[in-house]
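Residue numbers (the working numbering): 24 to 114.
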């Protein structure tokens, strides 16, 4: 699996998201206005979505390509469609 994605880039983005989540938790503890908290939640959600896009893109470029070229193309395409369906539920 590690070869199908840019692990350092994914890890960097995840660490940033972890920081965003800690900041949101601190905002709740400090009684920051709800609107400001919601803005930060949306920013974290967007950042998480971007990580998902990176993973999905890597999956397409490596795993799906390899499955089509060296395996069962129909099965690979069906599995990719399922992955896209799962990812598209994030929202």
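Positions of the beta carbon are idealized from the N, C-alpha and C atoms, including for glycine.
Hey, could you find the ends of the alpha helix (DSSP H) residue 82 is sitting in?
No alpha helix (DSSP H) contains residue 82, which DSSP labels as neither H nor E.
Quick one: Cα of residue 105 to Cα of residue 98, how far?
Their backbone Cα atoms lie some 11 angstroms apart in a straight line.
Span separating the alpha-carbon of residue 66 from that of residue 93
Looking at the backbone, the Cα of residue 66 and that of residue 93 are separated by about 40 angstroms.
Looking at residue 57 and the ligand GDP, is the gap between the Cβ and the nearest heavy atom below 6 angstroms?
The ligand GDP is absent from the structure shown, which contains no ligand whatsoever.
Is the beta carbon of residue 110 sitting closer than 7 angstroms to the one on residue 79?
Contact: yes.
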